[in-house]
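Okay, so here's the structure we're looking at.
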Amino acid sequence: MARIALLPEGSVSHEAAVYLVGEENCFMHHKLISDVFLSTVRGDTDYSVIPIENTIEGSVNLHMDWIVHEVDLPFQAEWVYPSIQNVIGRREEVKGDWSRVCKVMSHPVAMAQCMQFIRAQLPHAELEHVNSTSEAVHRVKENPGQGWVAIGTALGARTHGLDVLAPQVTDHQNNFTRFVLIGKEPISLPESSARKTTILVTLPEDYPGALHQVLSAFAWRRINLSRIESRPTKRRLGNYYFYIDVEMALDTVLLPAAMEEIEAIGCQVRILGSYPSYTFQHAMTE
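Using numbering that gives the first Met the number 0, the first residue of the sequence shown is number 0, and each one after it goes up by one.
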């Protein structure tokens, strides 16, 4: 049984973790993402569940920076999971009348994904941001009779004994979040035909055309890159590394050769992991 650190009980991270590894593992919930990371760094847990990208909001830069700058924990798996948000409260309190609602609480990212519903049904309500959707649901539970509702997950509603007053209120139904499972050792998961390798490439200073040469090393070998993103190295202004997802396992002939070519022009290459990749269509727990 693996010990897995993640964000609060009832969050999208919790739903996604159950989807990937099942409910039989030991989940250890934390309020802050820094505590999720540090739990695995200290050895209190074996793995951490980290959301790193969202269809609507893009990259989660804070989490990516922790992975790159603060910890050294390789990726062991990645998967995508739908970010389905619901309006949660007490049915007997609202009674189907949205005018009874005076406050809507949620994480700012989750709330931003539901603004069409809020503008249409709850334009009069105060909007309050909290640290997580799970915290929002918990605060609604602890304050009955106030006319408060939360935006959160169906699991969060079940966890706190509240009702889903309006299901699936996200603006876009194709809203998915990409998660990575990080830890020091591989984890036993169902087989996946898709594998990825994630690397960080830091270009040599004062080298015109270096990025072009980096991409060429992959292009002429016909290695597909599913993502390339620049992030500051935090050393000085204008100095960046490139975060690259390669749709190929590290134990092939072509990828190590491409990285050797990149290093030959003076680039620094750091491997963040080579791991199985799962889409939502893969029923992980079946």
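Yeah, the Cβ is synthetic: ideal placement off N, Cα and C, and Gly gets one too.
**Prompt:** Alpha carbon to alpha carbon, how far is Met0 from Asp45?
**Reply:** Sequence index remark: in the sequence shown, residue 0 carries index 1 (1-based). Sequence index remark: in the sequence shown, residue 45 carries index 46 (1-based). So the two alpha carbons sit approximately 10 Å from each other.
**Prompt:** Cα-Cα, which of Ile51, Gly265, Leu37 and Glu23 is closest to Ser12?
**Reply:** Numbered from its first residue, the sequence shown carries residue 12 at position 13. Taking only the C-alpha atoms, the option nearest Ser12 is Ile51.
**Prompt:** Looking only at DSSP bridge pairs, what is Ser229 linked to?
**Reply:** One-based indexing of the sequence shown puts residue 229 at position 230. Note: Ser229 sits in a beta bridge opposite Phe241.
**Item:** DSSP-derived helix/strand/coil call for Glu8
**Value:** Translated into the one-based positions of the sequence shown, residue 8 becomes position 9. Three-state DSSP puts Glu8 in coil, outside helix and strand.
**Message:** What residue range does the beta strand (DSSP E) around Asn53 cover?
**Reply:** Here residue 53 refers to the residue found at position 54 when the sequence shown is read from its first residue. That run of the beta strand (DSSP E) goes Tyr46 to Asn53.
**Prompt:** Is Glu285 helix, strand or coil when you go by DSSP?
**Reply:** In the sequence shown, counting from the first residue as 1, residue 285 sits at position 286. Below a pLDDT of 50, predicted positions are generally treated as unreliable, and Glu285, at 38, falls in that range; the measurement from the model is reported next regardless. Coil.
**DSSP-derived helix/strand/coil call for Val59** = Start at 1 with the first residue of the sequence shown, and residue 59 comes out as number 60. DSSP places Val59 in coil when its eight states are reduced to three.
**Item:** Among Tyr80, Asp43, Phe26 and Val213, nearest to Val268 - alpha-carbon criterion
**Value:** Here residue 268 refers to the residue found at position 269 when the sequence shown is read from its first residue. It is Val213.
**Request:** Would you kindly work out how many angstroms separate the C-alpha atoms of Leu72 and Arg234, rounded to a whole number?
**Result:** As a working note, residue 72 is residue 73 in the sequence shown. As a working note, residue 234 is residue 235 in the sequence shown. Near 22 Å, if we compare the C-alpha coordinates of Arg234 and Leu72.
**Message:** On the DSSP bridge list, what partners appear for Val268?
**Reply:** Counting from one through the sequence shown, the residue named residue 268 turns up at place 269. Note: Val268 sits in a beta bridge opposite Val200.
**Asked** What whole-angstrom Cβ distance do Asn173 and Thr54 have, given they're in contact under 8 Å?
**Response** As a first step, residue 173 must be located in the sequence shown, where it is residue number 174. As a first step, residue 54 must be located in the sequence shown, where it is residue number 55. Indeed they touch by this definition, with Cβ atoms about 6 Å apart.
**Item:** Which listed residue (Glu14, Ser10, Pro255 and Tyr274) has its alpha carbon closest to that of Ile181
**Value:** Working through the sequence shown from its first residue, we reach residue 181 at position 182. Measuring from the Cα of Ile181, the nearest candidate turns out to be Tyr274.
**Message:** For the alpha helix (DSSP H) containing Phe116, name the first residue and the last one.
**Reply:** Sequence index remark: in the sequence shown, residue 116 carries index 117 (1-based). Met114 to Gln120 is the span of the alpha helix (DSSP H), which, as asked, contains Phe116.
**Request:** Answer with buried or exposed for Phe279, where buried requires no fewer than 16 other C-beta atoms within 10 angstroms of its C-beta.
**Result:** As a first step, residue 279 must be located in the sequence shown, where it is residue number 280. Exposed.
**Asked** Can Leu199 and Leu271 be called in contact, C-beta distance under 8 Å?
**Response** On the sequence shown, position 200 is the one that residue 199 refers to. On the sequence shown, position 272 is the one that residue 271 refers to. Yes. Within cutoff.
**Request:** Taking Ser276 as the reference, give the member of Thr196, Ile264, Gly208 and Ala263 with the closest Cα.
**Result:** Residue mapping note: residue 276 aligns to position 277 of the sequence shown, counting from 1. Of the listed residues, the one whose Cα sits closest to Ser276 is Thr196.
**Given 8 Å, three or more beta-carbon pairs between the segment 73-91 and the segment 163-178** = yes
**Item:** Residues of its chain near Phe116, where Cβ-Cβ distance is below 6 Å and the 5 sequence neighbours each way are ignored
**Value:** In the sequence shown, residue 116 corresponds to position 117, counting from 1. Excluding residues within five positions, the ones whose Cβ falls inside 6 Å are Val168.
**Asked** Looking at C-alpha atoms only, which residue of Tyr240, Pro7 and Arg177 is the closest neighbour of Glu77?
**Response** The count along the sequence shown starts at 1 and reaches residue 77 at position 78. Comparing Cα positions, the closest option is Arg177.
**Request:** Spatial neighbours of Thr232 within its chain, please: CB distance less than 8 Å, with the 5 preceding and 5 following residues excluded, ordered by chain position.
**Result:** In the sequence shown, the residue the question calls residue 232 occupies position 233. Once the five neighbours on either side are set aside, the close Cβ partners of Thr232 are Thr201, Asn238, Tyr239 and Tyr240.
**Request:** For Met258, count neighbouring C-beta atoms within 10 Å of its own C-beta (all shown protein chains included) and say buried if the count is 16 or more, exposed if not.
**Result:** Taking the first residue of the sequence shown as position 1, residue 258 is located at position 259. With 16 or more Cβ atoms within 10 Å of its Cβ, Met258 is classed as buried.
**Message:** Given a cut-off of 8 Å on the beta-carbon distance, is the pair Lys140 and His128 in contact?
**Reply:** To locate residue 140, count along the sequence shown from 1; it is residue 141. To locate residue 128, count along the sequence shown from 1; it is residue 129. Going by C-beta atoms, Lys140 is not nearer than 8 Å to His128.
**Asked** Where does the unbroken alpha helix (DSSP H) through Phe36 begin, and where does it stop?
**Response** Position 37 of the sequence shown, counted from the start, is the residue given in the question as residue 36. Start and end: Ile32 to Arg41.
**DSSP beta-bridge partners of Met110** = In the sequence shown, the residue the question calls residue 110 occupies position 111. Beta-bridge pairing links Met110 to no other residue.
**Request:** On the DSSP bridge assignment, give the partners of Asp250 in chain order.
**Result:** Here residue 250 is taken as the residue at index 251 of the sequence shown, counted from 1. In DSSP, Asp250 forms no bridge with anything.
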